[in-house]
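Participant: Protein chains in written order, with the working numbering: chain A, 10 to 573; chain B, 115 to 326; chain C, 540 to 692; chain D, 142 to 329. One structure is given below, represented as structure tokens, and several questions about it will come after.
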Amino acid sequence: MESIAGNTVKTKAFKEKANKILGISPEDARLSKSYLTVAFIALLLGGFLGLLQGLNRAGMLELPTWLNYYQVLTAHGLLLVVVLSAFFTIGYFYAGLSHTLGGLLPKVRKMAWIGFWMKMFGFVLAVIPILMNEASVMYTFYPPMAASPIFYIGLVFIVLGIWMCSFGAFINVASWRKANPGQHIPILSFFATGVFVLLFFGSLPVAIEVFMIIPWAFGWVETINVMVARTLFWAFGHTLVNIWYMTAISAWYVIVPKIIDGHRWSDLLTRIVVIALVIMNITGGFHHQIVDPGISESVKYMHVFMSLAIGFPSLMTAYAMFAVFERTARKKGGKGLIGWFKKMPWGDVRFLAPFIAMAAFIPAGAGGIVQSTNQLNQVVHNTMWVVGHFHLTLGMTVVMTFFGISYWLVPYLSKRVLTPQINKLGIVQTIVWTLGMVMMSFAMHWAGLLGSPRRTSYTTYNDNATALGWDPYLFFLAIGGTLLMIGVLMQVYAVFNMMFFAPKGVTEFPIADEEEGAAPTPKWTERWGLWIVLMLALVAMAYVIPLVGFLVDAPPGSPPFKTW
Amino acid sequence: MMLKNRTALSSLLVLLFGVVLFYIGTDGFQAYTAETARVNQLMEDKPQFPDVTLEDNKARKYTFSEFEGKYVFITFLYTACGTVCPELEMNMFGVYDRLPEEYIGKDIQFLSISFDPDRDDPETLDSYRKMFKSDGETWRMARITDKDELNELLDRFGVTVIPDNNGNFAHNSAFYLVNPQGRLIDVMDYKRIEEAAEQVTSILDDEAGDEK
Amino acid sequence: MHRSEKVWLLLSFGMIIGFMLITGYQAFALGMGPPSHEERIDPQKVDETAPFDRPGITKIGENEYEVVMTLQIFSFTPNQIEVPAGSTVHFTLTSKDVVHGFQVADTNINAMVMPGYVQKISQKFEKPGEYLVLCNEYCGAGHQMMATTITVK
Amino acid sequence: MRQAQYGLVLLVILILPPVANLLESIMITHMHMQMPLLVLAGFLIAKFFQIKYPQFFEKWNANGLPGLLLFIIITGYWTIPRTMDETLTMASVEAFKFFSLPFLAGVPLRDSWPKLSSFWKNGIIIFFAILYLGMGWLYIWSPEQLCNNYLLIEQITLGWGFLTTAVCMVIYLGYSYFIDFTQYETES
Chain A
10 MESIAGNTVK TKAFKEKANK ILGISPEDAR LSKSYLTVAF IALLLGGFLG
60 LLQGLNRAGM LELPTWLNYY QVLTAHGLLL VVVLSAFFTI GYFYAGLSHT
110 LGGLLPKVRK MAWIGFWMKM FGFVLAVIPI LMNEASVMYT FYPPMAASPI
160 FYIGLVFIVL GIWMCSFGAF INVASWRKAN PGQHIPILSF FATGVFVLLF
210 FGSLPVAIEV FMIIPWAFGW VETINVMVAR TLFWAFGHTL VNIWYMTAIS
260 AWYVIVPKII DGHRWSDLLT RIVVIALVIM NITGGFHHQI VDPGISESVK
310 YMHVFMSLAI GFPSLMTAYA MFAVFERTAR KKGGKGLIGW FKKMPWGDVR
360 FLAPFIAMAA FIPAGAGGIV QSTNQLNQVV HNTMWVVGHF HLTLGMTVVM
410 TFFGISYWLV PYLSKRVLTP QINKLGIVQT IVWTLGMVMM SFAMHWAGLL
460 GSPRRTSYTT YNDNATALGW DPYLFFLAIG GTLLMIGVLM QVYAVFNMMF
510 FAPKGVTEFP IADEEEGAAP TPKWTERWGL WIVLMLALVA MAYVIPLVGF
560 LVDAPPGSPP FKTW
Chain B
115 MMLKNRTALS SLLVLLFGVV LFYIGTDGFQ AYTAETARVN QLMEDKPQFP
165 DVTLEDNKAR KYTFSEFEGK YVFITFLYTA CGTVCPELEM NMFGVYDRLP
215 EEYIGKDIQF LSISFDPDRD DPETLDSYRK MFKSDGETWR MARITDKDEL
265 NELLDRFGVT VIPDNNGNFA HNSAFYLVNP QGRLIDVMDY KRIEEAAEQV
315 TSILDDEAGD EK
Chain C
540 MHRSEKVWLL LSFGMIIGFM LITGYQAFAL GMGPPSHEER IDPQKVDETA
590 PFDRPGITKI GENEYEVVMT LQIFSFTPNQ IEVPAGSTVH FTLTSKDVVH
640 GFQVADTNIN AMVMPGYVQK ISQKFEKPGE YLVLCNEYCG AGHQMMATTI
690 TVK
Chain D
142 MRQAQYGLVL LVILILPPVA NLLESIMITH MHMQMPLLVL AGFLIAKFFQ
192 IKYPQFFEKW NANGLPGLLL FIIITGYWTI PRTMDETLTM ASVEAFKFFS
242 LPFLAGVPLR DSWPKLSSFW KNGIIIFFAI LYLGMGWLYI WSPEQLCNNY
292 LLIEQITLGW GFLTTAVCMV IYLGYSYFID FTQYETES
């Protein structure tokens, strides 16, 4: 028994050593690099479109007729919320799987490539109608607004591509588990499993929605049930942003402690946070429908609880992060309540970016809790406040963590190093981005409280006094947007520099170890099937009520409309 | 050995408890829904029809004692109802139609009572009755304007009425038969027209026989 | 588990429950629940269905008004609403085409108006002034033009 | 012991009138949220009884079957439409619900579960899956309104709730049939 256990430890050690010397295999690296390349090109394009919007919204730029505000907005949303985030997440986690599980299986690598091209194909299909102004329906594409069917077919391919990558990840993890009985999945792969489980199950509802829409958009079916479509969309829409958030916290839990030279937080609690996020995530999406008709107040109240429940693992995360900082700083001699503050490597962009991202999640998360309660939601629903909120959560918390990851992941993949110059560029970029986001999201939150609606091109509503009162904030928004564009350019430059031009060398994949003498994590954390069943049960519980109501007691449906 | 017997014994006790529980809970395996239980209870209690004031389809106002000395065949409805009520009234006509003509109006009165007095004014009731070939005399439709009286009646006869959020009501439906002394003597399934008609006819026949 | 962690978890849990209690109290005890009317309507026959066959404003009581309103690209019908200060207005809304939003700046009126559903929301207008009514759900090329005003005298 | 305290707190919260009224106002949350939570409360409280009266459970529930039987009887009893209706109208029935589900279903389940072989464990899940499929079928396709205090649409919703829960159980059974936990969870 002991010798066998010793043996696995030995092979594990050998694998780790081999990984350290050889790094990731060139094939796996190419896969992840391709994903990251697409992600950052999407950032560049999406950022540029965002700037156009910001300037237009502030009344400083008139858009040409062949590229109107709503086209730009649809493309901006799709590029950043779907393409940037999905491609980065998949590239990052596939690199993580390859690193922690000793390489991808050839079959899995092939699946990831097929997924890559399916998504690219789907994306091109979706973009063509947007450019032709045949699909100005926003990232949310609520029926009965109907885009060109090509747009929805494109979405189907994107979803299929994502499923391909999810299954690839499951196969790789399962095969590792078979080869390493009795061991826990390495923590980063555990996060990856959670993320891919959610990507698969979270995109199921939207897949159903799109299959409802396609025959209707073609005109084969006359009407559509708008509330069912909307509900299915939000079961997916909110899960998606929480998946990106979960990707970001994987770096906080696993990577950041290593960068500050510390240890990971309790392995058990980390895994519990992952499990909790997987189980409770999909049901949280319903708070987007708090002011919708057709759903009773008590059902909405139940959903407020389900949305707020997600706050609990996030609050656990907040504690864990600061505890790690404090513990590490104490070891280094930091004293007092905030002694940790002085002992952190502030000059290291790999730490600074994710740290600011974490700090941003404090107001961002608080805003989220505020928004998902009934009455407060009614104040801010569909106003600029919401836009400010998700720029703070996605644009700052998630994307800045992604930026921080890129400063070691890209050199690691391309077998190059992070030079001091690029590090400095990164620090400046982080500061520019922080200033831009703070300014922009503050302006958005405030304008939203005053009533300025989201998703609306520049308008004064016939010089209405109230609407004119929003203009100063919108001006701030434009300045923030400009700063962000500078940040985008710097970031994209840094990424491609590190990918192709930085000096050759060895970069480590920073994975923190557990505290010495930590209690072993119980085995039940690995029962993924059980977590999935619990997740499904909760989803059924949450969605059976509104969906049965909308389907059984359905009003006559709506025909398609093209209103742009 | 001893141990095995004990678990067997406790299993038996638990099983016995289960049988008792189900027996009590379902009135001796009779009533699995509250509706059956309610009907069974009503047949046992034979509650008195409270002395409420009715306003009928001709806007006449009188108390229930108007029908003293006659059997009264009752249903509860609201005219805005799109589901059960039209069926209920159609079936009521079915019973009306099957009864021997000599009893109608003389020994038995038909009465449809609305539990939505706000919307069902005499005018509405009068146009509604025509859809079911009610003559408005031997088969009247009436509302009870006093909410307290209405609730008293609904409560006594076990009629549950829950408003939903769309201006409709969920309610249970049945045929109710009140005897000449004003006591509820039978609650019948409104879907079994033949059965109800036969039942009422035989009661009326008995009564007629007694008189002769 | 550290003591501090337990305290933190308890606080977190307490905060979430606190939010639930406040929300629940406001929604159910104070009647401040979100607009959740459940009536259905045929979205293609709005013009023929009461009360939307006659959109407009009616006085239904002392300082109480009912506004029956349809939303369509890119306007509100009726377009001009005038009420005296201190009156409570009950809005009954539905959409004739796509999804719209109904928001009145500087008030708590904010509701989704879906085709196929009747939405209801009430508000007491205390202060005189001109209130901006706008559609806050993207509804097409003229979405930024979809606005009207409520004049409170 | 801490568990038992949590269970007690949960039970008290569930009994609080506003919470109870809210959960009972929707048919499906009444049956699929309040009732399971009551069982869960008992499940947690069970620790207290197990520590306090170990001999009792050892003597009368040695192989876990009597406890399991009691659990089935109690949960089965509360799936009768009439019982749900009457908790809303009769205080005594409601009191019995708050007593029976935690103490006569949750407690025995906790005590029985570890004592049962996997045959019985799977058996009970299969039993409930079949029961729930049946209940789902009854609630969705029954032409009659089974409960006087709930709208027909709520009955249909509950039916779908039963069906989806049953499907989840079937998925779990399939998962535990095809996946050998021991393969991953024990050191080889």
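No residue lacks a Cβ here, since even glycine has one placed at the ideal position from N, Cα and C.
1. Looking at the C-beta of E328(D), does it have a partner C-beta in chain C at a distance below 8 Å?
2. Under DSSP, the alpha helix (DSSP H) around F552(C) begins and ends at which residues?
3. Helix or strand or just coil, what does DSSP make of V133(B)?
4. List the residues of chain A whose Cβ lies closer than 8 Å to the Cβ of V657(C), in chain order.
5. Which residues, in order along the stretch 387-421 of chain A, keep a beta-carbon less than 9 Å from a beta-carbon of chain C?
6. Anything in chain B within Cβ reach of Q286(D), meaning under 8 Å, just list it in chain order.
7. Confirm the yes/no value for this check: CB of L272(D), any heavy atom of the ligand FAD, distance under 7 Å.
8. Is Y273(D) helix, strand or coil when you go by DSSP?
9. With a threshold of 16 other CB atoms inside 10 Å of the CB of R593(C), please say whether the residue is buried or exposed.
10. Would Y677(C) pass as an interface residue toward chain A - the criterion being a Cβ-Cβ separation below 8 Å?
11. Flag Y194(D) as yes if its beta-carbon sits less than 8 Å from any beta-carbon of chain B, otherwise no.
12. Since I believe L493(A) is in contact with G445(A) (beta carbons under 8 Å), could you give me their beta-carbon distance rounded to a whole number of angstroms?
13. Would W573(A) pass as an interface residue toward chain C - the criterion being a Cβ-Cβ separation below 8 Å?
14. Please classify T256(A): does DSSP put it in a helix, a strand, or coil?
15. Please classify H541(C) as buried or exposed, where buried requires at least 16 other C-beta atoms within 10 Å of its C-beta.
16. Please report how far the alpha carbon of V133(B) lies from the alpha carbon of V314(B), in whole angstroms.
17. Should Y176(B) be labelled buried (16 or more other beta-carbon atoms within 10 Å of its own) or exposed?
18. From the DSSP secondary-structure annotation, give me the bridge partner or partners of E169(B).
19. Evaluate L286(D) with the Cβ neighbour count: other Cβ atoms within 10 Å of its Cβ, from every protein chain shown; 16 or more gives buried, anything less gives exposed.
20. Give every residue of the same chain whose Cβ lies closer than 6 Å to the Cβ of E215(B), excluding the five residues on either side of it in the sequence, and list them in chain order.
21. Does the distance from the C-beta atom of G250(B) to that of R243(B) stay below 8 Å?
22. Find the residues of chain D that neighbour S125(B), judging by a C-beta separation of less than 7 Å, and give them in chain order.
23. List, in chain order, every chain C residue whose beta-carbon is nearer than 9 Å to that of I378(A).
24. By alpha-carbon positions, which one of F212(D), G277(D), I167(D), L178(D) ends up nearest to V153(D)?
25. Are the C-beta atoms of W278(D) and some chain A residue less than 8 Å apart?
26. Do L197(A) and N251(A) have their CB atoms nearer than 8 Å?
27. Taking C-alpha atoms, which residue in L346(A), L45(A), P568(A) lies nearest to W229(A)?
28. Given 8 Å as the limit, is there contact between the stretch 426-435 of chain A and the stretch 478-495 of chain A, that is, 3 or more CB pairs closer than that?
29. Buried or exposed for D226(D), going by 16 or more other Cβ atoms inside 10 Å?
30. Show which residues of chain D have a CB atom less than 8 Å away from the CB atom of T140(B).
31. Is the beta carbon of V92(A) sitting closer than 8 Å to the one on V133(A)?
32. If you draw a straight line from the C-alpha of E321(B) to the C-alpha of L135(B), how long is it?
33. For H454(A), tell me which candidate among K128(A), V396(A), Y101(A), R273(A) has the shortest Cα-Cα distance.
34. Quick check on the DSSP output: what are the complete alpha helix (DSSP H) runs of length 4 or more inside the stretch 191-236 of chain B, in order along the chain?
35. If you run the structure through DSSP and keep just helix, strand and coil, what is L152(D)?
36. With a threshold of 8 Å between beta carbons, is I265(D) in contact with chain A?
Facilitator: Quick answer:
1. Residue placement at E328(D) is poorly supported in this model, since its pLDDT is 49, which falls under 50; the coordinates are not used for a value here.
2. Membership of F552(C) in the alpha helix (DSSP H) is indicated by the continuous run 542-563.
3. Under the three-state reduction of DSSP, V133(B) is assigned to helix.
4. Contact annotation for V657(C) against chain A: P302 [CB-CB distance below 8 Å, chain order].
5. Listed by position along the chain: Q387, V388, V389, H390, N391, T392.
6. In chain order: E149, A284, N286.
7. What this structure holds is no ligand at all, so the ligand FAD is not there to describe.
8. Here Y273(D) sits in helix by DSSP.
9. When all chains shown are included, R593(C) counts as exposed.
10. For Y677(C), the answer is yes, since a Cβ of chain A falls inside 8 Å of its Cβ.
11. Output row for Y194(D): interface = no.
12. At roughly 4 Å, the Cβ-Cβ gap stays under 8 Å, so G445(A) and L493(A) are in contact.
13. W573(A) counts as touching chain C.
14. Secondary structure of T256(A) (DSSP, three-state): helix.
15. Classification for H541(C): exposed.
16. Distance between the alpha carbons of V133(B) and V314(B): 37 Å.
17. With fewer than 16 Cβ atoms within 10 Å of its Cβ, Y176(B) is classed as exposed.
18. In the DSSP secondary-structure assignment, E169(B) is bridged to K175(B), R257(B).
19. The question names Leu, but residue 286(D) in the sequence shown is Gln. Around the beta carbon of Q286(D), 16 or more other beta carbons lie within 10 angstroms, which makes this residue buried.
20. Excluding positions up to five away in sequence, the list is empty.
21. Yes; because the gap between Cβ atoms is below 8 Å, this pair is in contact.
22. Within chain D, the C-beta atoms nearer than 7 Å to that of S125(B) come from L206, P207, L210, in chain order.
23. M554, I555, F558, listed in chain order.
24. Nearest Cα to V153(D) within the set F212(D), G277(D), I167(D), L178(D): L178(D).
25. By the rule that beta-carbons nearer than 8 Å mark a contact, W278(D) does not touch chain A.
26. Contact: no.
27. When each option's Cα is compared against that of W229(A), the closest is P568(A).
28. In short, these stretches do not touch, since the Cβ pair count stays below three.
29. Buried, by the Cβ-count rule.
30. Scanning chain D for C-beta atoms nearer than 8 Å to the C-beta of T140(B) yields I221, R223, reported in chain order.
31. No, they are not a contact pair.
32. Taking the straight line from one Cα to the other gives about 42 Å.
33. Selected option, being the one with the closest Cα: V396(A).
34. Taken in chain order, the whole alpha helix (DSSP H) runs of length 4 or more contained in the stretch 191-236 of chain B are 198-212.
35. Helix, per DSSP.
36. By this cut-off, I265(D) is not an interface position.
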